[in-house]
Amino acid sequence: MKILALQGSPRLRGNTAILLSQFVNGARAAGSDVEVINLQEQSIHPCDACDMCECGERDFCVYNDSMREVMKKIKEADALVFATPVWWTGASTLTKIFLDRLYGYKTRKYFEGKGVFLITTYFDNHAHEQPLPGADIVGYVFQSVSDFTGMEFLGHLRSAVTGTVLENTSILDKAFTEGKKFAKVITAAK
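-13 is the number of the first residue of the sequence shown in my numbering; add one for each residue after it.
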């Protein structure tokens, strides 16, 4: 069972990366092979809607960048995990650029039938006064992407903290448990 995890935070040791790491540890404990790709370390050009790909009708994008290799790995994976911080009620810039570039690919060819899980983290020191809707908005976007690409959206782990996730053992334990559960669901589906 091969799971590909796409980490969309520019902070390679921040809350998003830490939570994803715990999720990955859980998935590995359940017997899955997991590869993590840090989008920060990739060279992915933003889509400029040039339409040379004819909105995914051709098998290429004019940009010969890291996206081609990432898409090959996506095609080979059985399931995907996306992890992104929530900024201004949206996914990180790195995650958004990746999602926008899907415009240039025959997305069902790469994604259809795969399970997908989402991890969102955000700093929320006003949660008790007025909860922020950002994680739900990002969740809705990923649910829509899943529907469009033919994936099955299997869960969303949200973490709202006022510091570091390392100070919250319950969310770390939950990430591990969710990773283990996700891997078992994907294995059972195959």
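For glycine and all other residues, C-beta sits at the position ideal for the given N, C-alpha and C.
- Between the alpha carbons of GLU43 and VAL147 lies a gap of roughly 42 Å.
- One Cα belongs to VAL48, the other to PRO32, and the distance between them is close to 11 Å.
- Boundaries for ASP34: no alpha helix (DSSP H) harbours it, and the DSSP string shows neither H nor E there.
- Contact check between the stretch 13 to 20 and the stretch 155 to 170: three or more CB pairs, one atom from each, fall below 8 Å, which counts as touching.
- Counted as a single uninterrupted DSSP element, the beta strand (DSSP E) harbouring ASN24 occupies residues 19 to 24.
- Cα atoms of LYS(-12) and GLY12: separation of roughly 14 Å, rounded to the nearest angstrom.
- GLU55 has its alpha-carbon roughly 16 Å from the corresponding atom of THR81.
- In this structure, the alpha-carbon of PHE97 lies about 26 Å from that of LEU(-2).
- In the three-state DSSP reduction, GLN28 falls in the coil class, being neither helix nor strand.
- Its chain contains VAL72, THR75, TYR108 as the residues whose beta carbon lies nearer than 6 Å to that of GLY120, once the 5 sequence neighbours on both sides are disregarded; these appear in chain order.
- In the DSSP assignment, GLY76 forms a beta bridge with TRP73.
- Of all alpha-carbon atoms in LEU66, LEU118, VAL10, the one lying nearest the alpha-carbon of LYS100 is that of LEU66.
- Burial state of GLU164 is buried, judged by a 10 Å Cβ sphere holding 16 or more other Cβ atoms.
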